[in-house]
Amino acid sequence: MLPSTAARSVDSPLSIIQCAGERVPLGGHSPTSPHLEIVSVERKKDRITAVVHAPVKQAAKLFVWDGESVLAELERNMPEGERRVNMRVPGLPTVLETTEVTVLASFQSEDTVSAAARRLE
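First residue of the sequence shown? That's 1185 in our numbering, and the numbers climb one at a time after it.
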């Protein structure tokens, strides 16, 4: 038997990428309405700033993903609406020389969930 936290899709970057691309809810839950959205992603030195639009007030989990591993993550309480979220990513300038990175976000409010992804351009 798996522990209850072993397969939580809100904590899985691969699940978030898949669900965000297909606009389906994570883990078989009902979707939030409207969906969580990453409006924009910007970089300044070793920091990434994402503008996130949350459908309701609740905690969101954000990840910086290089296609193979999580470079940074945080959990932030989000108000309903837009909020700027800053994440420090150690070694980001070097990573970007050879790899694209994507900001991923998951959001759970009671029985509803949502996922979003946006590549750093």
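Using N, Cα and C, we set each Cβ at its ideal position, and we do this for glycine too.
These numbers were taken from a predicted model, which means no experiment stands behind them.
Which residues does DSSP pair with Glu1259 in a beta bridge? Lys1245
Going by beta carbon distance, what residues of the same chain come within less than 6 angstroms of Met1262, once the five residues before and after it are set aside? Ala1238 and Ala1244
Kindly indicate the opening and closing residues of the alpha helix (DSSP H) around Leu1280. Leu1276 to Leu1280
Out of Ser1199, Pro1274, Gly1275 and Lys1241, which one is the CA nearest neighbour of Glu1294? Lys1241
Quick one: what does DSSP say Ser1298 is sitting in, helix, strand or coil? strand
Between Glu1284 and Glu1252, what straight-line distance do the alpha-carbon atoms span, to the nearest angstrom? 11 angstroms
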